[in-house]
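Asks: By the count of the numbering used here, the sequence shown reaches residue 171 at its end, each step adding exactly one. Here a beta-carbon is modelled for each residue, glycine too, at the ideal position from N, C-alpha and C.
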Amino acid sequence: MRFVSAYPAGVLAQVRELIDTGRLGAHLDRRYPSRHTVQTDRALYEFTSEIKQEFLRSAPPVHKVAYDARIDVVHHALGLHTAISRVQGGKLKAKKEIRVASLFREAPPEFLRMIVVHELAHLKESDHNKAFYRLCEFMEPGYHQLEFDTRLFLVRREIDAASPGTE
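As structure tokens, this is what we get:
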């Protein structure tokens, strides 16, 4: 339960009960029955660009958006935003990139959107402060619930991976 360990004891007890009674998967499947169709890096870039265009027109452009299979293993993150600096002629140019953990190819659309909104919010607010979370909530109403449910999704994946005979 490392993904939800920072939540209050009462919440953890509810999560533990869902796990112990084998109802966590059914709970998530009932709330989020569909899977998204954003499977390629190009589709992910277009998906991200649409959200950015709607909410963050004046933010710096995002030059690359891609799924990355190494993110959750190497960085212990679900997504990353980076600025890659390159010398072009006599100038130093920074290109913004967003990388999303590949495991979100198989996630509900709400979870993918929450990750993308989180990474886009970093274009305006670099720290995880009140302004950052207000921006996330503005771009995705219900952001905090989606973040929690995404963590439950990760707990479920971890349980499924540890259980023999499940996929």
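Do Glu123 and Gly83 have their C-beta atoms within less than 7 Å of each other?
Replies: Going by C-beta atoms, Glu123 is nearer than 7 Å to Gly83.
Asks: Quick one: what does DSSP say Gln92 is sitting in, helix, strand or coil?
Replies: Gln92: strand per DSSP, three-state reduction.
Asks: At the 7 Å Cβ level, is Asp131 part of the contact set with chain E, yes or no?
Replies: No chain E appears in the structure shown, which is made up of a single protein chain.
Asks: Can you tell me whether DSSP reads Val78 as helix, strand or coil?
Replies: Below a pLDDT of 50, predicted positions are generally treated as unreliable, and Val78, at 44, falls in that range; the measurement from the model is reported next regardless. Residue state, collapsed to three classes: helix.
Asks: By the three-class DSSP mapping on this structure, what secondary structure does Leu84 have?
Replies: It is a strand residue.
Asks: Leaving out the 5 sequence neighbours to the left and right, which residues in its chain are closer than 6 Å to Met143 when beta-carbon positions are compared?
Replies: Contacts found: Phe59 and Val121.
Asks: I'd like to confirm the pairing. Which residues does DSSP put opposite Lys99 in its beta bridges?
Replies: According to DSSP, Lys99 bridges with Ile88.
Asks: Starting from the Cα of Arg160, find the closest Cα among Lys99, Val104, Ala30 and Lys97 and give me that residue.
Replies: Of the listed residues, the one whose Cα sits closest to Arg160 is Ala30.
Asks: Assuming Glu180 contacts His67 (C-beta within less than 8 Å), just tell me the rounded distance between them.
Replies: The displayed coordinates of the chain run from 5 to 171. Any statement about residue 180 would go beyond what the structure contains.
Asks: Just to confirm before moving on: does the CB-CB distance between Ala135 and Glu141 stay below 7 Å?
Replies: Against a cut-off of 7 Å, the Cβ pair of Glu141 and Ala135 comes out as no contact.
Asks: Looking at the strands, I want to know which residues DSSP matches up with Ala105.
Replies: DSSP lists Asp72 as partners of Ala105.
Asks: Among residues of its own chain, excluding the 5 on either side of His126, which ones have a beta-carbon nearer than 8 Å to its beta-carbon?
Replies: The residues are His85 and Phe136.
Asks: For the putative contact between Ile218 and Val104, defined by C-beta atoms under 8 Å, what is the C-beta separation to the nearest angstrom?
Replies: Shown here, the chain extends from 5 to 171; a query on residue 218 therefore has no answer.
Asks: Under 6 Å from any heavy atom of the ligand SAH, does the C-beta of Ala73 make it?
Replies: The ligand content of the structure shown is nil, which means the ligand SAH is not present either.
Asks: Any idea what DSSP makes of Val42, helix, strand or coil?
Replies: Three-state result, Val42: coil.
Asks: Return the residue from the list Ser9, Ile23, His40 and Gly14 that minimises the CA-CA distance to Ala173.
Replies: The requested residue 173 does not occur in the structure, where the chain is confined to residues 5 to 171.
Asks: Going along the chain, which residues of its own chain have a beta-carbon closer than 6 Å to the beta-carbon of Tyr49, five neighbours each way excluded?
Replies: So the list reads Val69, once near-sequence residues are dropped.
Asks: So who's on the other strand from Val121, going by DSSP bridges?
Replies: In DSSP, Val121 forms no bridge with anything.
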